[in-house]
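Single-structure report; data block below.
Protein chains: 2
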Amino acid sequence: MELNISIIGAGNVGWHLAYNLYKKGYHILQIFSRSFENASVLAKNVNAEPINSLSKLNKSADIIIICVKDSAISKVVDKIKFQPKLLVHTAGSISMSILSKYKSHGVFYPLQSFSKTTELNIKTVPFCIEANTQANKKTLLAVATKLSGLIYEINSEQRLQCHIAAVFANNFANHMFAIAEQLLAKNDISPDIIKPLIIETAHKVQHTPALLAQTGPAIRNDKNTIKRHIELLQLPQLKKLYSFVSDSILNFKIGNLPLNNKNEQL
Amino acid sequence: MELNISIIGAGNVGWHLAYNLYKKGYHILQIFSRSFENASVLAKNVNAEPINSLSKLNKSADIIIICVKDSAISKVVDKIKFQPKLLVHTAGSISMSILSKYKSHGVFYPLQSFSKTTELNIKTVPFCIEANTQANKKTLLAVATKLSGLIYEINSEQRLQCHIAAVFANNFANHMFAIAEQLLAKNDISPDIIKPLIIETAHKVQHTPALLAQTGPAIRNDKNTIKRHIELLQLPQLKKLYSFVSDSILNFKIGNLPLNNKNEQL
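Residue numbers (the working numbering), protein chains in the order written: chain A, 1 to 266; chain B, 1001 to 1266.
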């Protein structure tokens, strides 16, 4: 049976989901965006009807997927006055219960950083699935499995922790990359020089726990190098950040895991 | 002309350099390690003579490469009593001038994280080259070019900045990955769930400046999400780190570069 799916939101997540579901043979019924133009661009790509009012939502959709930013989900909910066959959202930090006034609801959260301009291999995107009934979960698992090889059944609390973890792994790590690039640029060195190291760093933790992959002056408690680096950083903000993260590396013992420095060096 | 190269140090850098130089057709003359056993294991792999005393260094080596940890370089220098044809070190944070009592000296710094247990594509390792004469620089550039496609002529001050940048890009980013993994583990979620995001994060900055790739609650100044995340983090250390790095993301304006948030979301 071919499911009819409607997508609310034509941003990064909506774009990638609609496109990939369409490629997998699902029928995309409607694309909603407040901007009719945005809705139309995406709708055209996936052979769907563009709408810019939620009152025009087609009740016959088998699944309606909300792909708007977290703070807008409750506004969407206020405007869906009927009982959809299955209504889900795609947010990491929002509990499933925000949809509890609907008889059939769930969460379909792709744990990845999406950008309209970057082609993404949906097969490697982890999907976190939650639903209010076994039947709804089964439906969502079937759709997720068509898209990706990485499916996780997790509850709202766990999903929130996933989102926090993603902030560290993506947002905060990216900030470290940004600082590195700016330090290089300020010293007339091409930021390209650091790119192989960034790739290697990410690849290493694919097969080694990051705690064991930790190297550098902080984990060695090499106070001379740390002091020298802090002296050389000009901005007070960066001095503080260097010092703070170095201390954190040395003290990091969540869950009483022992610090364990492997035979590696930078 | 086939150069004879000796390597002082059988750690991660010495291991990878010796092995790759050997593969490229260089004759590895001697491998020094304080542990004769360590010297022997590597020497056997590259058809070299193992030594555990620097007094046994063969003066006929065209290049002697010091691959010991930063703090041990001066001790090595104390023990090399003759004038090598060309003596170089491989340290990011140590000035070339530590070798200034030798007529021919330089630096041959591979900007990558090495591990004996991980096979590395030396072609993608950036080499930072410095030398005290044009002739010596030419020699080092020729060797580096045989190994890698990424060669940078940079001075000692710039190299130190590269090393600080590498601490941010590798050590500090890895710490963010480690925290993410531990948060997941504590909540009974497989750390594997975050791995595709880590890869995507590293790949994105290969073609997009990290400052422009920044996403997440901090750059959006989404105070509600930030507050909620900090509440959910149990360890005071992590609460502080989350808050500190979030502030840093928002305030990050090195060189008066404008903050520029692209149309991306996590």
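Glycine is no exception: its CB is placed at the ideal position from the N, C-alpha and C atoms.
Cβ-based burial, residue i [other Cβ within 10 Å; buried from 16]
i          : result
Ser53(A)   : exposed
Lys223(A)  : exposed
His1207(B) : exposed
Asp192(A)  : exposed
Leu266(A)  : Low local confidence applies: a pLDDT of 41 at Leu266(A) is under 50, so the model's placement there is unreliable, and no value is given.
Asp1188(B) : exposed
Asn1267(B) : This structure leaves residue 1267(B) out entirely; chain B is present only between 1001 and 1266.
Glu276(A)  : No answer is possible for residue 276(A): it lies beyond the span of chain A, which begins at 1 and ends at 266.
Thr90(A)   : buried
Gln1234(B) : exposed
Glu1119(B) : exposed
Spatial neighbours of residue i in its chain, beta-carbon cut-off 7 Å, leaving aside the 5 residues before and after
i          : result
Tyr1102(B) : Gln1083, Pro1084, Leu1087
Ile230(A)  : Lys239, Tyr242, Ser243
Tyr1019(B) : Asn1045, Val1046
Gly255(A)  : Since pLDDT at Gly255(A) reaches only 42, below the 50 mark, its modelled position is unreliable, and the value read off the structure follows with that caveat. Cβ neighbours of Gly255(A) beyond the five flanking positions: none.
Asp1070(B) : Ala1091, Ser1093, Ile1094
Ala185(A)  : Pro191
Arg34(A)   : Asn52
Leu1257(B) : For Leu1257(B), the predicted model reports a pLDDT of 37, less than 50, meaning its position is unreliable and no value from the coordinates is stated.
Phe1036(B) : Pro1050, Asn1052
Val1077(B) : Ile1098, Leu1099
Lys75(A)   : none
Ile1073(B) : Ile1066, His1089, Ala1091, Ile1094, Ile1098
Reference residue i; option with closest CA among the options
i          : options                                        : result
Lys1079(B) : Gln1182(B), Gly1106(B), Phe1032(B)             : Phe1032(B)
Gln1121(B) : Leu1250(B), Lys1024(B), Leu1235(B)             : According to the sequence displayed, residue 1121(B) carries Asn and not Gln. Taking only the C-alpha atoms, the option nearest Asn1121(B) is Lys1024(B).
Asn1171(B) : Ser40(A), Ser243(A), Ile65(A), Lys75(A)        : Ser243(A)
Lys1239(B) : Ser93(A), Ile164(A), Ser190(A), Leu232(A)      : Ile164(A)
Ile1149(B) : Thr1124(B), Ser1055(B), Ala1218(B), Ile1008(B) : Looking at the sequence itself, residue 1149(B) is Gly, so the reference to Ile does not match. If we check each option's Cα against that of Gly1149(B), Thr1124(B) comes out closest.
Ile94(A)   : Met176(A), Ile189(A), Trp15(A), Gln158(A)      : Gln158(A)
Val1041(B) : Ser1055(B), Ile1064(B), Thr1201(B), Trp1015(B) : Trp1015(B)
Ala1202(B) : Ala1185(B), Ala1218(B), Ala1018(B), Asn1174(B) : Asn1174(B)
Phe1252(B) : Val77(A), Phe252(A), Gln161(A), Met176(A)      : Met176(A)
Ser1100(B) : Val1013(B), Thr1117(B), Thr1133(B)             : Thr1133(B)
Ala210(A)  : Ile1194(B), Ala1210(B), Leu1147(B), Pro1217(B) : Ile1194(B)
Asn221(A)  : Ser246(A), Pro236(A), Ile73(A)                 : Ser246(A)
Leu17(A)   : Tyr109(A), Ser97(A), Ser71(A)                  : Tyr109(A)
Pro1196(B) : His105(A), Leu235(A), Cys162(A), Cys67(A)      : Cys162(A)
Leu250(A)  : Ala1178(B), His1105(B), Ile1249(B), Arg1228(B) : Ala1178(B)
Lys1116(B) : Asn136(A), Arg228(A), Lys204(A)                : Lys204(A)
Ala989(B)  : Glu153(A), Ala169(A), Ile198(A), Phe168(A)     : Because chain B is modelled from 1001 through 1266, residue 989(B) falls outside the range shown and cannot be assessed.
Lys1056(B) : Lys1081(B), Ser1156(B), Glu1153(B)             : Lys1081(B)
Gln237(A)  : Asn1136(B), Ala1166(B), Leu1111(B), Ser1248(B) : Ser1248(B)
Val167(A)  : Ser1104(B), Phe1036(B), Glu1181(B)             : Glu1181(B)
Ser1097(B) : Leu1232(B), Leu1160(B), Ser1156(B), Tyr1022(B) : Ser1156(B)
Residues near residue i by beta carbon distance below 8 Å, same chain, minus five either side
i          : result
Leu1029(B) : Asn1004, Ile1005, Ser1006, Ala1048, Glu1049, Asn1058, Ser1060, Ala1061
Ile267(A)  : Not covered by the structure: residue 267(A). The range shown for chain A is 1 to 266.
Ile154(A)  : Cys128, Ile129, Glu130, Cys162
Cβ shell of residue i (< 6 Å), same chain only, five flanking positions each side left out
i          : result
His1027(B) : Glu1002, Asn1004
Thr217(A)  : For the sequence presented, residue 217(A) should be read as Pro rather than Thr. The answer, listed in chain order, is Thr225, Ile226.
Ile64(A)   : Ser6, Pro84, Leu87
Phe1114(B) : Asn1012, Val1013, His1016
Leu183(A)  : none
Gly1009(B) : Cys1067, Val1068
Asn136(A)  : Leu86, Ser104, Gly106
Leu160(A)  : Ser93
Tyr22(A)   : Ile28, Val46
Leu1147(B) : Asn1020, Ile1122
Thr1112(B) : This sequence places Gln at residue 1112(B); Thr is not what is there. Excluding sequence neighbours, Gln1112(B) sits near Val1125.
>> If the cut-off is 9 Å on Cβ atoms, which residues from the region 1172-1192 of chain B count as contacting chain A, listed in chain order?
In response: Within the region 1172-1192 of chain B, the qualifying residues are Phe1172, Ala1173, Asn1174, His1175, Met1176, Phe1177, Ala1178, Ile1179, Ala1180, Glu1181, Gln1182, Leu1183, Leu1184, Ala1185, Lys1186, Asn1187, Asp1188, Ile1189, Ser1190, Pro1191, Asp1192.
> Hey, which unbroken runs of the alpha helix (DSSP H) at 4 residues or more fall wholly within the region 1171-1231 of chain B?
Replying inline: Fully enclosed alpha helix (DSSP H) runs of no fewer than 4 residues occupy 1173-1186, 1195-1207, 1210-1213 of the region 1171-1231 of chain B, in order along the chain.
> Taking Cβ-Cβ distances below 9 Å as the criterion, which residues of the region 1054-1074 of chain B are in contact with chain A?
Replying inline: Taking 9 Å as the Cβ-Cβ cut-off against chain A, the residues of the region 1054-1074 of chain B that qualify are Lys1069, Asp1070, Ser1071.
> Curious, which full-length alpha helix (DSSP H) runs of at least 4 residues does the region 1112-1148 of chain B contain?
Replying inline: Unbroken alpha helix (DSSP H) runs of no fewer than 4 residues, entirely contained in the region 1112-1148 of chain B, are found at 1134-1147, following chain order.
> What residues in the region 131-156 of chain A bring their beta carbon closer than 8 Å to a beta carbon of chain B?
Replying inline: Within the region 131-156 of chain A, the qualifying residues are Leu150, Tyr152, Ile154.
>> List, from N- to C-terminal side, the alpha helix (DSSP H) runs of 4 residues or more that fit wholly inside the region 12-71 of chain A.
In response: Here the runs fully enclosed are 12-23, 36-45.
> For the region 107-119 of chain A, which residues have a CB atom closer than 9 Å to at least one CB atom of chain B, in sequence order?
Replying inline: Answer in chain order: Leu111, Gln112, Ser113, Phe114, Ser115, Lys116, Thr117, Thr118.
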